[in-house]
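Peer 1: In the working numbering, each number is its position in the sequence shown, counted from 1, plus 4.
C-beta: ideal position from N, C-alpha, C; glycine also.
All of these numbers come straight from a predicted model, not from anything done at the bench.
One structure, pasted below without further comment.
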Amino acid sequence: MKFALHFGNNSFPDLASAHRLVRLAEAAGFDSVFAVDHVVLPDTYSSTYPYAASGRLPGDRTASLPDPLIWMASVVAVTTRLRFMTGVLILPQRNPLVLAKQVATLDHL
């Protein structure tokens with residue numbers, strides 16, 4: 005059975021805490037860490053967020069949500085076997101060719 009941590013980059017946005025998180029996760033036997041992507045969190049929206057009792061996204065527009073690819077580039081440097089992935093990556097907000105190069109670079113690291 006494999007275990008993963010989810011929401012690493014928004015729960016631990018500062019690098020010291022993020023590095024500690026992934027080192028502890030690796031030592032505890034976790035297999036992977038997920039990061040999420042939102043460029044902005046809107047103040048208002050009409051749809052219901054299905055994963056919270058409130059129907060609202062966790063956090064607000066002031067929430068700290070580091071870019072998942074840059075966050076992963078930092079934390080991958082302090083681990084030896086953890087796998088890193090995005091739980092959400094919003095492609096329409098990114099240039100697909102640049103994103104492909106960024107992900108290929110991360111994969112090579």
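#1: DSSP beta-bridge partners for M76?
#2: Distance check for A81 and H112, CA to CA, integer angstroms please.
#3: Name the one or two DSSP bridge partners that A39 has.
#4: So if DSSP puts A67 in a beta bridge, which residue, or which two residues, is it bridged to?
#5: Determine the DSSP secondary structure at L113, reduced to helix, strand or coil.
#6: Can you have a look at F88 and say buried or exposed, based on whether 16 or more other CB atoms are within 10 angstroms of its CB?
#7: Is it right to say N99 is buried, meaning 16 or more other beta carbons lie within 10 angstroms of its own, or is it exposed?
#8: CA-CA distance, D1 and W75?
#9: Secondary structure at L61, three-state DSSP: helix, strand or coil?
#10: Let me check one thing: in DSSP terms, what residues is A8 bridge-paired to?
Peer 2: With the given structure in hand:
#1: The secondary-structure analysis by DSSP pairs M76 with nothing; it has no beta-bridge partner.
#2: Roughly 12 Å separates the two Cα atoms.
#3: T90
#4: Answer is none; A67 lacks a bridge partner.
#5: coil
#6: buried
#7: exposed
#8: The first residue shown for the chain is 5 and the last is 113, placing residue 1 beyond what the model contains.
#9: Per DSSP, reduced to three states, the secondary structure at L61 is coil, with no helix or strand assignment.
#10: S36
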